[in-house]
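Using my numbering, the first residue of the sequence shown is number 81, and each one after it goes up by one. Just so you know, even glycine gets a beta-carbon here, dropped at the ideal spot from N, CA and C. A quick write-up on the structure given underneath.
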Amino acid sequence: MRYYLALLWCCASFWQLSAQADSSAARTAEEGALKLGLKNFDDGPRQGRAVRLTFYNVENLFDTENDPKKRDDEFTPRGLKGWSYFRYKQKLSNIYKVLTALGGWGGPPEMVGFCELENRKVLEDLLRLTPLQKFRYKIVHEESPDRRGIDVGFIYRSDKFEVLHHEPIRVVFPFDTAVKTRDVLYVCGKVLGSKDSLHIFVNHWPSRRGGQAASEPKRVFVAGLVRAKIDSIYKASPAAKIAVMGDFNDEAENISLTEVLRAVPEKEELGPGDMYNYMHALSKNWQLGSHKFRGHWGTLDHMVLSTPLVQESRKGRLRASPLGAQIFSARFLLEEDRAYMGLQPFRTYGGPKFLGGFSDHLPIYVDLIYE
């Protein structure tokens, strides 16, 4: 009997050591991949001749007040998650830390698109209750009919960018009019000092609830709305500089991006009217992504730029940096993935438990140069 128990103990110890070794190896491999994702991160001053365009899914940025018109009960002091003012302020502070780190010595990004915002107030609080108040940010936001009560929004440093026009692109599904979802936010503006207008689309497409295939028609429909607006811009200005960014809830190879939005995977394939998806190349690395689901990294967040913005070479004209778009995967944004090994985004909540992290997504960005 003693021999049998000793054998069991040895086997259990071996299994534990093997599991620890596998976990350590997975974590080391992911850290290497995520560092690779940061290899092109330029944290130096942008010297006034470049601006950083950023998108960040901040995951459920709700204020603490109960809005009877929205499904926000969970994120109130008496809700299931005990969403207090202290936790709300910590979340705002965390977003400030992310933007400051992402901006490097050049200061926080000049233009930032967000999704999963409850309302305009949370953006006002972000700019009022954190040191971001020093950077002359202004807000672009439109209330959307989404049943969860989450919107997209945009902030910009008014000393670097001027908004000329903005509008929401309303989404009404003809095949399911009962479903209410968030708008796409369209912003047209000018990078101060450059010679070009910049057209920006901030997106948060319908989720994959019910399965990827069953929910795909909704994302394809939204992609069609965005593409129609792009076509109208191109018709008026064939050399238009356009950036389409957001959480698309689709991967780079899905038809909503490749066929409907016409986001091609290779620069060499770009033609008139096409868009280039910088995330396609990054998505080929299975240990790198902007989001992790059940142990698998994915790239649901995309930075898609128009052909003129990618191929521009004229002096003083706005163009994408040769470094392209990047996923900002700083180590402080990650935690150990105890269920599937390796690392994962450090979230605000894990189920009902408050963790004090940042988001279940990592931010993405691209530098636009006009020297």
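Check whether the Cβ of S363 sits closer than 7 Å to any heavy atom of the ligand SAM, and report yes or no.
Of ligands this structure carries none, so the ligand SAM is not represented either.
Inspect the beta-carbon positions of F253 and K298 and report whether they are closer than 8 Å.
yes
Three Cβ pairs or more, each shorter than 8 Å: is that satisfied between the region 343-353 and the region 405-421?
no
Taking the alpha helix (DSSP H) that T388 belongs to, which residues open and close that run?
For the record, residue 388 in the displayed sequence is Pro; it is not Thr. Unbroken alpha helix (DSSP H) run through P388: T387 to Q391.
What residues in its chain sit with their C-beta under 7 Å from that of Y314, if we drop five residues either side in the sequence?
Correct list, in chain order: A320 and G353.
Identify every run of the alpha helix (DSSP H) within the region 342-398, keeping only runs that are complete inside it and at least 4 residues long; order them along the chain.
359-362 and 387-391
I'd like the span of the beta strand (DSSP E) that includes K321, first residue to last.
Where K321 is concerned, the enclosing beta strand (DSSP E) stretches over K321 to D327.
From the DSSP output, which residues share a beta bridge with I310?
DSSP lists no partner for I310.
Thinking just about the alpha-carbon of each residue, which of Q213, E154 and A332 is nearest to the one in I235?
Q213
Excluding the 5 residues preceding and the 5 following D447 in the sequence, name in chain order all residues of the same chain whose CB lies nearer than 6 Å to its CB.
In its chain, beyond the 5 residues on either side, A130, R132 and S401 have a beta carbon closer than 6 Å to the beta carbon of D447.
Have a look at F155, L160, Y176 and G162 and flag the residue whose alpha-carbon is nearest the alpha-carbon of P443.
Y176
Please report the Cβ distance between N283 and V232, rounded to the nearest whole angstrom; I am assuming they are in contact, meaning their Cβ atoms lie under 8 Å.
7 Å
Whose CA, out of G290, Q292 and P286, lies closest to the CA of F301?
Ranked by Cα distance from F301, the first of G290, Q292 and P286 is P286.
Can you tell me which residues form a DSSP beta bridge with A511?
Because the chain is modelled from 81 through 451, residue 511 falls outside the range shown and cannot be assessed.
Please classify D226 as buried or exposed, where buried requires at least 16 other C-beta atoms within 10 Å of its C-beta.
Classification of D226: buried, given that the 10 Å Cβ count is 16 or more.
Around the Cβ of D263, are there at least 16 other Cβ atoms within 10 angstroms (buried) or fewer (exposed)?
buried
Does the beta-carbon distance from L413 to Y450 come in below 8 Å?
no
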